[in-house]
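*Asks:*
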Amino acid sequence: MPARDHFHSVMRIGPVQIGTHRDRNGRTVHAVVCTADRCGWSADYSSQSAAQLAARTHRCRIN
């Protein structure tokens, strides 16, 4: 049975949300997801500062 994935330290920068969780190997990972309709952008980063930089510089390509 797979382990449950719980996010903590969730923050929001504009339409982008950052959540911290542990991956399958037990490492701390910061997931960044754009919540705008039809955007679909997401990424994982190993540091909180990299995740925040990506969230601040993300621009949706939806017209």
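If you're matching positions, the sequence shown starts at 28 in the working numbering and goes up one per residue.
In this text, a Cβ means the ideal position worked out from N, Cα and C, and glycines have one as well.
Every value quoted in this text rests on a predicted model; they were computed, and no experiment measured them.
Could you compute how far the alpha carbon of H85 sits from the alpha carbon of R65?
*Replies:* Locating residue 85 in the sequence shown gives position 58, where the first residue counts as 1. Locating residue 65 in the sequence shown gives position 38, where the first residue counts as 1. Approximately 14 angstroms between the Cα atoms of the pair.
*Asks:* Which residue or residues does DSSP assign as beta-bridge partners of C61?
*Replies:* Position 34 of the sequence shown, counted from the first residue, corresponds to residue 61. Bridge partners of C61: V43.
*Asks:* So S69 is in the alpha helix (DSSP H); what residue range does that whole segment cover?
*Replies:* Here the question's residue 69 lines up with position 42 in the sequence shown. Premise fails: S69 lies in the beta strand (DSSP E), S69 to Y72, not in any alpha helix (DSSP H).
*Asks:* With a CB to CB cut of under 7 angstroms and the five nearest residues on each side skipped, what residues in its chain are close to A81?
*Replies:* Within the sequence shown, numbered from 1, the residue matching residue 81 stands at position 54. Within the same chain, A81 has close Cβ partners V59, A70 and Y72.
*Asks:* DSSP three-state call for R83: helix, strand or coil?
*Replies:* For the purposes of this step, residue 83 is taken as residue 56 along the sequence shown, with counting starting at 1. The answer is helix: DSSP assigns R83 an H, G or I state.
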